[in-house]
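With mature numbering (1 follows the signal peptide of the UniProt record, and there is no 0) as the guide, the letters of the sequence shown map in order to residues -24 to -1, 1 to 521.
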Amino acid sequence: MKRLINLWVCLAAVWLAASCAKDAEPLTGNIQGVVTESGTTTPLSGVQVRIVGNGLSATTGSDGQFSFHDLDAETYNLQFMKDGYETNTRSVTVLVGETANCDMQLRPEQADAAILIEPSTLDFGSTQSEMAVTITNKGNTTTEWSLNLGENPWLSANPASGNIAAGRTQSIVFAVDRDQLAEAKTARVTLAAFGNSYTISVSCSPRAEAAEMTVSPTILDFGTELSELSLDIRNTGNAELNYQVSGLTVDYLTVSAMSGTVAAGGNQVLKVNLDRELMPSAVNTTFVISDGTKETVVTVTATKAEGGDDEPVAGETVVTQGLYTYYKFDGNYEDATENAIHGFGTCTFVDGVSGGQALKFSRTENTTFTVGSPIIDSREMTFSFWGKDFADGHIFHLLSSNANDPMFTLSLDGGALKFVVTRYHNIYQYGAATAFTHPALTDGKWHHIAIVSDFETTAYGTITNTLYVDGLRVGSVTETANHFNENGGSQSSYDTGTTFVMGGSLKLSNSVTLNATNMTVDNFRVYDNRMLSGSEIKEIYEAEQ
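The following block contains the structure:
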């Protein structure tokens, strides 16, 4: 009986153990997988794997693997997300006690590629020089862009390349250089972005050719003694100008050229002569200058002097209108005009050109004649004098209030007269300045020298100097000067003069010094606001020789 009881106890223990083992069976499962790039075996790291609906998520490592553990047995939706890749989902069923595999391949995200160009056609016509387009990135990512202008040297763009973020707009400014455009052109400019090409059409025509005439002055007042005046016809257009003078109905007025042509950007000076023997007691007449489109009326006035010639300034002085200073050097340094702008000096007095006396300068003694006034600082002026015994070196100059710089310098360089106006050209460009071409002055004889100088009367931004020797015009030279600098300020030469010095040596710079000479000078005249005519200069020459 006891054995029977023990047997039942053992059977109960075995049954109980079996029951306990069955209760410990797993009730959950797992998910694992590898995420790779579509079409490759390359693992993707940083992919967020999310179980939709329960908030669980995991991130793949460098091997692309992920896993979820102890999940209830059911079907799950897994969402896979990574920047630059298209989001994807996959369903997987978890079985109790099993690990479900859920591999995934993600496809790279395709960038939206769209550039909007407004306008895509530009027409500069014959006048415009700059036009702009805007480019807008309609895609969903930043892109680089660049322009290809092709073989079109007349066309430029700024900027020509760059980066543009999604949704942003940039401007591109196109510019044309018509100097490189001989005929109408159309360029097909390509803009490269997102691997695509976009076309911008750019058309341009050469400048419209047209002449533009200006005449100055339009009033010529001969006063009581002038017999010749000048006027300037200027062409500010880009085509040749053809002009015609008409309406000249009186016999006592003549114009040097009744018709002619003026090149684009050029000018022509006309001489208007008045015959005082034929003129009435008072003149008030007009004539017309026309270019076929525009007409400019020029008024001419003059008065015949009553009772003979005007009273001369001193003695038998001729051409007195506008005479500012006149130094005869007859034993003194005084100004013979009523302006009484007297000078002083250290020279000796010798026989003059026509009976009076003259100044003799000494190179060894460095003698000078000085006037403490800016007698030659004028934008329209004439100066004349007689001279002999010339040699290379300094004749005269004017000092500026700006750093005491030399300007308005007359010298003899290689046997040729050189008149240099601005401070800059005297100090830095004297050697490159153009000298006059003229007959020899170093023959030991008296010669009459006159220079007519103007700033911007003949040409804009230009000083024009015309030389007369012994009553005859021998030529002109020009010198550039900045219109905006010549305002009397620190960069100016005009309107800054202080002291006039004739003779002696002159240091222009550390490398250039003009020597003193043994010249002789007589009858020095200055017309500070008048450009004498050729006939007036000849009259002075004939009266004083």
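The C-beta atom is built at its ideal place from N, Cα and C for all residues, glycine as well.
These numbers were taken from a predicted model, which means no experiment stands behind them.
>> Let's see if you can read the secondary structure: which residues bound the beta strand (DSSP E) around Ser452?
In response: Leu448 to Thr456
> Do you know how far the Cα of Glu271 is from the Cα of Val502?
Replying inline: 36 angstroms
> By Cβ distance below 6 angstroms, which residues in the same chain neighbour Val10 in space, the five residues on each side in sequence not counted?
Replying inline: Gly40, Gln41 and Asp79
>> Rounded to whole angstroms, what is the Cα-Cα separation between Tyr406 and Ile439?
In response: 15 angstroms
>> For a minimum of 3 consecutive residues, which ranges assigned as the beta strand (DSSP E) are wholly contained in the region 329 to 384?
In response: 333 to 336, 345 to 347, 356 to 364 and 369 to 376
>> Under 8 angstroms: do the region 341 to 361 and the region 306 to 321 share three or more Cβ pairs, one atom per stretch?
In response: yes
>> Can you give me the C-alpha to C-alpha distance between Asn441 and Ile352, rounded to a whole angstrom?
In response: 13 angstroms
>> Can you give me the C-alpha to C-alpha distance between Ile93 and Thr110, rounded to a whole angstrom?
In response: 6 angstroms
>> For Asp365, which residues in the same chain have their Cβ closer than 6 angstroms to its Cβ, ignoring the five residues on either side in sequence?
In response: Asn494, Met495 and Thr496
> When the Cα of Thr322 is compared with those of His424, Met478, Arg252 and Asn64, which residue comes out closest?
Replying inline: Met478
> From what residue to what residue does the beta strand (DSSP E) around Asn499 run?
Replying inline: Thr496 to Tyr503
> Using DSSP with H/G/I as helix, E/B as strand and the rest coil, what is Tyr309?
Replying inline: coil
> What is the DSSP secondary structure of Ala278, reduced to helix, strand or coil?
Replying inline: strand
>> Using the Cβ count rule (16 or more neighbours within 10 Å means buried), how would you classify Lys483?
In response: exposed
> Candidates Gln333, Thr313 and Phe305: which alpha carbon is nearest Pro320's?
Replying inline: Note that residue 320 is Phe in the sequence shown here, rather than Pro. When each option's Cα is compared against that of Phe320, the closest is Phe305.
>> Under DSSP, the beta strand (DSSP E) around Asn218 begins and ends at which residues?
In response: Leu217 to Ser222
>> Going by DSSP, what residue range makes up the beta strand (DSSP E) through Ser105?
In response: No beta strand (DSSP E) contains Ser105, which DSSP labels as neither H nor E.
>> With DSSP as the reference, identify every bridge partner of Ala76, one or two as the case may be.
In response: Ile7
>> Could you give the first and the last residue of the continuous alpha helix (DSSP H) run that contains Lys514?
In response: Gly510 to Glu520
>> When you compare the region 210 to 217 with the region 183 to 195, are there three or more beta-carbon pairs, one atom per stretch, that lie closer than 8 angstroms?
In response: yes
> Between which two residues does the alpha helix (DSSP H) carrying Asn249 extend?
Replying inline: Segment Asn243 to Leu250 is the beta strand (DSSP E) holding Asn249; no alpha helix (DSSP H) there.
>> Suppose the cutoff is 7 angstroms on Cβ atoms and the five residues either side in sequence are ignored; what does the same chain contact list for residue 539 look like?
In response: One cannot answer for residue 539 here, as it falls past the ends of the chain, which runs -24 to 521.
> Should Asp48 go down as buried or exposed, given a rule of 16 or more other Cβ atoms within 10 Å for buried?
Replying inline: exposed
>> Mapping the DSSP letters down to three states, classify Asp389 as helix, strand or coil.
In response: strand
>> Taking the beta carbon of Gly473 as the centre, do at least 16 other beta carbons fall within 10 Å, making it buried, or is it exposed?
In response: buried
> How would you write the range of the beta strand (DSSP E) that Arg83 sits in, first residue to last?
Replying inline: That residue, Arg83, is in no beta strand (DSSP E); it is neither H nor E in DSSP.
>> Excluding the 5 residues flanking Gly199 on each side, which residues of the same chain have their C-beta closer than 8 angstroms to its C-beta?
In response: Ala278, Thr279 and Gln297
> Nearest to Pro84 by alpha carbon, out of Gly60, Asn6, Trp422 and Thr489?
Replying inline: Gly60
> What is the DSSP secondary structure of Ala(-4), counted as helix, strand or coil?
Replying inline: Any reading at Ala(-4) must be qualified, since the residue scores a pLDDT of 46, below 50, and its modelled position is unreliable; no value is offered.
>> As a quick exercise: from Trp130, Asn113, Thr65 and Leu167, pick the residue whose alpha carbon is nearest that of Ser137.
In response: Leu167
> In angstroms, rounded to a whole number, what distance separates the CA positions of Gly115 and Tyr174?
Replying inline: 14 angstroms
>> What does the alpha-carbon distance come out to for the pair Glu50 and Asn6?
In response: 11 angstroms
> Could you give the uninterrupted runs of the beta strand (DSSP E) lying entirely in the region 164 to 229, keeping only those of 3 residues or more?
Replying inline: 172 to 180, 189 to 192, 195 to 197, 204 to 211 and 217 to 222
> Does the count of Cβ pairs from the region 27 to 40 and the region 97 to 107 closer than 8 angstroms reach three?
Replying inline: no
>> Please list the terminal residues of the continuous beta strand (DSSP E) segment that includes His423.
In response: His423 to Phe431
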